[in-house]
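Engineer:
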Amino acid sequence: MSSIKQNIEQVITQIASATEKCGRDADSVQLLAVSKTKPIAAIQEAIEAGHFAFGENYVQEGVEKVQHFRDTDHSAALQWHFIGPIQSNKTRPIAEHFDWVHSIDRVKIARRLSEQRPANSAPLQVLLQVNTSNEASKSGLIFAELPQAAADIAQMPNIELRGLMSIPEKANDYDSQFAAFHALAEAMNTLKADHPQLDTLSMGMSGDMDAAIAAGSTIVRIGTAIFGARDYSNKA
140 MSSIKQNIEQ VITQIASATE KCGRDADSVQ LLAVSKTKPI AAIQEAIEAG
190 HFAFGENYVQ EGVEKVQHFR DTDHSAALQW HFIGPIQSNK TRPIAEHFDW
240 VHSIDRVKIA RRLSEQRPAN SAPLQVLLQV NTSNEASKSG LIFAELPQAA
290 ADIAQMPNIE LRGLMSIPEK ANDYDSQFAA FHALAEAMNT LKADHPQLDT
340 LSMGMSGDMD AAIAAGSTIV RIGTAIFGAR DYSNKA
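Just so we're aligned: the sequence shown equals residues 140 to 375 in the working numbering.
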């Protein structure tokens with residue numbers, strides 16, 4: 140069985156290959172290790188392998204992990220991203236403990252995060268989640284809502300709008316994958332006319348990473364390929 144260190148190295152190699160194919164620098168794509176449902180020991184193994192950026196979907200579980208590693212040798216280097224759905228009554232712990240939030244799907248959530256971000260913390264880096272395929276079962280803003288949402292959020296203190304995130308409809312062929320990611324990249328290019336600070340596209344997972352990188356992804360979210368299959372037995 141391969142180790143987490145070996146898995147991380149393999150994913151980094153895949154990222155390098157994908158960026159080379161489309162003429163991008165490998166350093167232009169950040170690997171976010173999605174550690175949801177995974178134990179502290181697995182994250183520790185990834186840290187020992189030199190990886191420091193982790194994504195969590197569940198508030199309580201994520202906060203416990205952030206707190207566990209807060210006083211460790213690598214605490215200053217660690218970067219914690221919240222990437223799951225956000226309920227209004229769960230914004231405070233997210234605002235207090237995470238560095239990034241990828242899944243803002245309405246202005247109300249951004250406003251609460253801004254109000255609840257501790258004054259002594261750096262601004263919370265945030266992304267708008269976009270429902271690129273208009274699936275009723277998925278969270279996210281539709282394209283037409285982006286300009287107003289971005290304008291509203293850009294005025295809020297304590298948070299900094301950095302870009303967009305999507306989880307497109309599952310597709311097995313490269314062309315369909317690329318089309319969905321390209322649409323998100325085009326939406327961000329349009330927004331940059333009024334928000335030139337936007338620099339982050341969180342898109343792409345294990346099955347569609349190559350297409351996401353070709354379309355301009357700057358963060359790929361990889362979980363199973365690093366940590367193995369997830370255990371949801373204790374999740375609601």
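We put the beta carbon where it would ideally sit given N, CA and C, even for glycine.
For Glu414, count neighbouring C-beta atoms within 10 Å of its own C-beta (all shown protein chains included) and say buried if the count is 16 or more, exposed if not.
Structural biologist: Residue 414 falls outside the range modelled here, since the chain spans only 140 to 375, and no answer is possible.
Engineer: Can you check DSSP and say which residues form a bridge with Ser341?
Structural biologist: Paired residue(s): Met304 and Ile358.
Engineer: How many angstroms separate the CA atom of Ile306 from the CA atom of Ser141?
Structural biologist: So the alpha carbons of these two residues sit roughly 28 Å apart.
Engineer: Just checking my contact of Leu170 with Ala192 at CB under 8 Å: how many whole Å lie between their CB atoms?
Structural biologist: Between Ala192 and Leu170 the Cβ distance is about 7 Å, and since that is below 8 Å, they are a contact.
Engineer: On the DSSP letters alone, give me the boundaries of the alpha helix (DSSP H) that Ile411 sits inside.
Structural biologist: The structure shown does not extend to residue 411, since the chain is modelled only from 140 to 375, so the question has no answer here.
Engineer: Taking C-alpha atoms, which residue in Pro262, Ala354, Met348 and Asn273 lies nearest to Thr152?
Structural biologist: Ranking Pro262, Ala354, Met348 and Asn273 by Cα distance to Thr152 puts Met348 first.
Engineer: According to DSSP, simplified to helix, strand and coil, what is His207?
Structural biologist: His207: helix per DSSP, three-state reduction.
Engineer: Quick test of the definition: if touching needs 3 or more C-beta pairs under 8 Å, does the stretch 310-325 touch the stretch 357-365?
Structural biologist: No, the stretch 310-325 does not touch the stretch 357-365.
Engineer: Measuring alpha carbon to alpha carbon, tell me which residue in Ser260, Ile179 and Tyr197 is nearest Glu299.
Structural biologist: Here the closest residue by C-alpha is Ser260.
Engineer: Could you check whether Ala354 and Leu323 sit closer than 9 Å to each other, using their CB atoms as the reference points?
Structural biologist: Yes, the pair counts as a contact, with Cβ atoms nearer than the cut-off.
Engineer: Using the Cα positions of Asp244 and Leu267, report the straight-line distance between them to the nearest angstrom.
Structural biologist: Approximately 6 Å between the Cα atoms of the pair.
Engineer: Can you tell me whether DSSP reads Gly162 as helix, strand or coil?
Structural biologist: It is coil, neither helix nor strand.
Engineer: Alpha carbon to alpha carbon, what distance is there between Ala351 and Gly392?
Structural biologist: The first residue shown for the chain is 140 and the last is 375, placing residue 392 beyond what the model contains.
Engineer: Does DSSP classify Leu217 as helix, strand or coil?
Structural biologist: Three-state DSSP puts Leu217 in coil, outside helix and strand.
Engineer: Counting only the same chain and skipping the five closest in sequence on each side, list residues whose C-beta sits under 6 Å from that of Val173.
Structural biologist: Contacts found: Gly194, Arg360 and Gly362.
Engineer: For His207, which residues in the same chain have their Cβ closer than 7 Å to its Cβ, ignoring the five residues on either side in sequence?
Structural biologist: Cβ neighbours of His207 beyond the five flanking positions: Ile179.
Engineer: Suppose you measure from the CA of Pro257 to the CA of Trp219; what does that come to, to the nearest Å?
Structural biologist: Between Pro257 and Trp219, the C-alpha separation is close to 16 Å.
Engineer: Mind the definition here: the stretch 326-340 touches the stretch 265-285 only if three or more C-beta pairs lie below 8 Å; say whether that holds.
Structural biologist: In short, these stretches touch, since the Cβ pair count reaches three.
Engineer: Provide the residue(s) that pair with Gly194 in DSSP beta bridges, ordered along the chain.
Structural biologist: DSSP, once it has assigned bridges, lists Val173 and His220 as partnering Gly194.
Engineer: Could I get the ranges of all uninterrupted beta strand (DSSP E) runs contained in the stretch 215-271, with 3 residues as the minimum, in chain order?
Structural biologist: Qualifying beta strand (DSSP E) stretches, in chain order: 218-221, 239-243 and 263-269.
Engineer: Please classify Arg301: is it buried, with 16 or more other beta-carbons within 10 angstroms of its beta-carbon, or exposed?
Structural biologist: Label assigned to Arg301: buried.
Engineer: Report back the beta-carbon spacing between Leu303 and Leu340 to the nearest angstrom; my notes put them in contact at under 8 Å.
Structural biologist: Their Cβ separation, rounded to whole angstroms, is 6 Å, which keeps Leu303 and Leu340 in contact under 8 Å.
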